[in-house]
Amino acid sequence: MKINPKLKDDLKSFLMEKIQKEQNLVVVYSVDNLDIDEKKALEKKFTDLNWKEAVYKIDKSIIAGIIIKIGSRTVDMSLAGSLSKLSNNLYEID
Amino acid sequence: MKLIDEYLKTLEKELQNKPKISTEETGTVSQVKDGVVILEGLDRVAYGELIEFKKNLLGYVIDLTEDEVGAIILGDYTGIAAGNKAKALGYTLSVPVSETLLGRVIDPLGSPLDGKTPIKSKTFYPVEKIAAGVVKRQPVNISLQTGIKAIDALIPIGRGQRELIIGDRGTGKTTIAVDTILNQKGQDVVCIYCAIGQKNSKVAAIVELLKKHGADKYSIVVNASASDSVAMQYLAPYTASAIGEYFMDKGQDVLIVYDDLTKHAWSYRQMSLILRRPAGREAYPGDVFYLHSRLLERACRIDKKYGGGSITALPIIETLDGDLSAYIPTNVISITDGQISLETDLFNSGIRPAINVGLSVSRVGGNAQTKAMKAVAGKLKLDLAQYRDLAAFSQFESELDEETKKFLNRGAKVTQILKQKKNKPLSLAEQVSILWAASNGYLDKLPIDEIEKFETKLLETLKLRGKKWLEKINKNKIMDEKDGKDLEKMITDLMI
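Here the protein sequences line up with chains W and L, keeping their order.
Its first residue numbered 1, the first sequence is counted upward by one per residue in UniProt numbering.
Its first residue numbered 1, the second sequence is counted upward by one per residue in UniProt numbering.
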């Protein structure tokens, strides 16, 4: 059976669109639920991100602060992150 | 105490800084295989980029598919588990290079293996680099003396050449390469010995040997042993090449020994199979030819306009049962500018170095051979060629005429004179004197078992009486008529 090339193209573009969306999806990790003011502050700071479809998740292991993930890009503003960075620095000075 | 205060101060500074907001490219480990990990995420990572797992454990991206990233792990991969985070570092793998590398033993990442201090340098050279183009190059025309009579006379090697050393195991491949390194003493050549998949005991013995002969002052050993991960073995020759390029860019001549490329091909095969790349002949991936061609192409002689300097490569290939037409041997033979073929039969019959003169060639070295050597080698080659033809023929004939006997006798003597003990490289003048004696028939009357004695006697006499003669030939690299007469006198004196 031959597949209609148009169908193939449609499927491809649909997938691409979906992947694009996934890649630009904003996920915010925090220790506790963020209130509206905090969310507004974030939106103000990072204006070029798509906040409308942002997902908020809770992760206790980051200790404090937040981590923003946009696809595979990560903005680490957590205590756990800075501690691990510090431990790397300690290793280097040694 | 002072050190600790300073240390605390830097820490304080570090902590006072407001957290910088920077984006990182991150991914998650989804599969861990032997030395290779498959990651998810890392959408914007580039081919050849470094990624960091946890503390100081790096990976090198060598496979990008639509939804996954494959990376080889540089170091101990046993601690990595599925779900570990990894972040892209944004730069490619490079090694620290500096003069302090001389005399050191390092791993393919530039970390010390000899228990001394880490290599500190502000200069880094990329491990993978495109070789110099046509415009920057210059033909090979300066000789690189190996100190081995048979090679310098019959298969001369030039600076910037790639000469393959090929043979079965235990035929003295490494010995030839190491002797060549030993002979570079005082020649202003930086030597790099790159061990790939070798036994650590063998590498230790070579390091010891180099030290014993004072060759460690101009040598560097890059070692990825059989117990290191395949990723390290895969990277080792490229690292050696990068270090060589640093010295070449400074206008120096460099000699790199790759010991051996068979094991390098094996390690690449293992990596490729784990990464599920399509396998071809003997299960090697399709780009196994390019694996070696891009490495050996980095050996070159740079034009004076661009700083001069050269990299001479002596790759080693181990064959099975003398099979030169196997996959990897034919590949590397076609890439290099000639080969030195070693044979088990010759080795066992006492001809050492066990070079098969008929199968060995040097495609560009002829231009680089010194005039003094050329003068004696031409006749030698002819004698040997005639001997080979006649020796095969004379096995059927019992009655031989005088002329044939003469050729056979000469050939046997020349074969005998080309034997050489290991780790005893000879200078150009010493080689020329012995070969001159052989090709001018001074050895024809000596019995075979006395030739070695004659050789040692001649070398002793030259050291005592002919010091000036030796120096002159070594300096000018030409033997004129007067030099010939001086040598003749010394030899005839010796014969009485």
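Beta carbons are placed, not taken as given, at the ideal position from N, Cα and C, and that holds for glycine.
When the Cα atoms are used, what is the spatial distance from residue i to residue j?
i, j, result
"D493 (chain L)", "I434 (chain L)", "15 Å"
"A368 (chain L)", "P139 (chain L)", "9 Å"
"L320 (chain L)", "V414 (chain L)", "29 Å"
"G338 (chain L)", "G147 (chain L)", "18 Å"
"D486 (chain L)", "D383 (chain L)", "24 Å"
"Y7 (chain L)", "L42 (chain L)", "35 Å"
"V61 (chain L)", "I51 (chain L)", "7 Å"
"I302 (chain L)", "G309 (chain L)", "6 Å"
"L182 (chain L)", "L86 (chain W)", "47 Å"
"G244 (chain L)", "L113 (chain L)", "19 Å"
"E49 (chain L)", "V32 (chain L)", "19 Å"
"K129 (chain L)", "T336 (chain L)", "19 Å"
"E17 (chain W)", "M1 (chain W)", "27 Å"
"Q161 (chain L)", "T117 (chain L)", "34 Å"
"S61 (chain W)", "S30 (chain W)", "9 Å"
"L275 (chain L)", "Q23 (chain W)", "25 Å"
"I355 (chain L)", "P315 (chain L)", "16 Å"
"Y234 (chain L)", "I196 (chain L)", "8 Å"
"I70 (chain W)", "G79 (chain L)", "28 Å"
"V36 (chain L)", "I66 (chain W)", "32 Å"
"Y193 (chain L)", "V105 (chain L)", "9 Å"
"E43 (chain W)", "D76 (chain L)", "42 Å"
"G158 (chain L)", "C191 (chain L)", "15 Å"
"D94 (chain W)", "I119 (chain L)", "Confidence at D94 (chain W) is low in this model, with a pLDDT of 48, below 50, so the placement of that residue should be treated as unreliable; the coordinate-derived value is given next. For D94 (chain W) and I119 (chain L), the distance between alpha carbons rounds to 15 Å."
"L79 (chain W)", "L15 (chain L)", "12 Å"
"V207 (chain L)", "H264 (chain L)", "21 Å"
"D444 (chain L)", "A385 (chain L)", "17 Å"
Show which residues of chain W have a CB atom less than 8 Å away from the CB atom of residue i.
i, result
"E14 (chain L)", "L86 and N89"
"E24 (chain L)", "R73, T74, V75 and D76"
"K9 (chain L)", "Going along chain W, no residue has its Cβ under 8 Å from K9 (chain L), so there is no contact; the nearest lies around 11 Å."
For residue i, report the span of its alpha helix (DSSP H) as first-last.
i, result
"I417 (chain L)", "E402 to I417"
"V237 (chain L)", "The residue asked about is misnamed: residue 237 (chain L) is Pro in this sequence, not Val. From DSSP, the alpha helix (DSSP H) with P237 (chain L) extends over V230 to D249."
"Y258 (chain L)", "Run containing Y258 (chain L): none in the alpha helix (DSSP H); it sits in the beta strand (DSSP E), D253 to D259."
"Q16 (chain L)", "K2 to Q16"
"V203 (chain L)", "N200 to K212"
"Q31 (chain L)", "That residue, Q31 (chain L), is in no alpha helix (DSSP H); its beta strand (DSSP E) goes T23 to K33."
"residue 513 (chain L)", "Nothing can be reported for residue 513 (chain L), as the shown portion of chain L is limited to 1 through 496."
By the criterion of Cβ-Cβ separation under 7 Å, what are the contact partners of residue i in chain W?
i, result
"I21 (chain L)", "V75 and M77"
"L381 (chain L)", "Here residue 381 (chain L) is Lys; the residue named in the question, Leu, does not match the sequence. Residues of chain W passing the Cβ test: none, with the nearest at roughly 59 Å."
Could you pull the start and end residues of the beta strand (DSSP E) that residue i belongs to?
i, result
"Q184 (chain L)", "Looking at the DSSP string, Q184 (chain L) is not in any beta strand (DSSP E), and its letter there is neither H nor E."
"I491 (chain L)", "Counting along the chain, I491 (chain L) falls outside any beta strand (DSSP E), though it belongs to the alpha helix (DSSP H) covering E481 to M495."
"Y91 (chain L)", "K85 to T92"
"K69 (chain W)", "G65 to I70"
"N223 (chain L)", "S219 to A224"
"G59 (chain L)", "L58 to L64"
"R388 (chain L)", "First-last for R388 (chain L): K371 to S394, but that is the alpha helix (DSSP H), not the beta strand (DSSP E)."
"L346 (chain L)", "No beta strand (DSSP E) holds L346 (chain L); the alpha helix (DSSP H) holding it covers T344 to N348."
"V75 (chain W)", "R73 to S78"
With DSSP as the reference, label residue i as helix, strand or coil.
i, result
"L49 (chain W)", "coil"
"P285 (chain L)", "strand"
"Q20 (chain W)", "helix"
"F124 (chain L)", "strand"
"E49 (chain L)", "strand"
"D301 (chain L)", "Note on residue identity: the sequence assigns Arg, not Asp, to residue 301 (chain L). R301 (chain L) falls in the strand class under three-state DSSP."
"S334 (chain L)", "helix"
"Y268 (chain L)", "helix"
"M1 (chain W)", "coil"
"E163 (chain L)", "coil"
"T456 (chain L)", "helix"
"R137 (chain L)", "strand"
"E99 (chain L)", "helix"
"Y306 (chain L)", "helix"
"L314 (chain L)", "strand"
"A132 (chain L)", "coil"
Which chain W residues are close to residue i, counting only those with a beta carbon under 9 Å from its beta carbon?
i, result
"R44 (chain L)", "G71, S72 and R73"
"G27 (chain L)", "S72"
Which chain L residues sit within Cβ distance under 9 Å of residue i?
i, result
"Q23 (chain W)", "D43"
Is residue i near the ligand HEM, judged by its Cβ being under 7 Å from some heavy atom?
i, result
"E24 (chain L)", "Ligands displayed in this structure: none; no statement on the ligand HEM is therefore possible."
Checklist entry - Between the stretch 165 to 182 of chain L and the stretch 336 to 354 of chain L, do three or more beta carbon pairs fall short of 8 Å? => result With the cut-off at 8 Å, the stretch 165 to 182 of chain L and the stretch 336 to 354 of chain L touch.
Item to check | At least 3 beta-carbon pairs within less than 8 Å: the stretch 473 to 483 of chain L vs the stretch 442 to 462 of chain L | outcome: With the cut-off at 8 Å, the stretch 473 to 483 of chain L and the stretch 442 to 462 of chain L do not touch.
Checklist entry - Counting pairs of beta carbons, one from the stretch 122 to 136 of chain L and one from the stretch 256 to 269 of chain L, are three or more of them closer than 8 Å? => result Segments in contact, no.
Item to check | Cβ contact (3+ pairs, closer than 8 Å) linking the stretch 279 to 287 of chain L and the stretch 244 to 252 of chain L | outcome: No: the two stretches stay apart, fewer than three of their Cβ pairs being nearer than 8 Å.
Next on the checklist: Check whether the stretch 428 to 446 of chain L and the stretch 470 to 479 of chain L are in contact - that is, three or more C-beta pairs closer than 8 Å.
Outcome noted: Segments in contact, yes.
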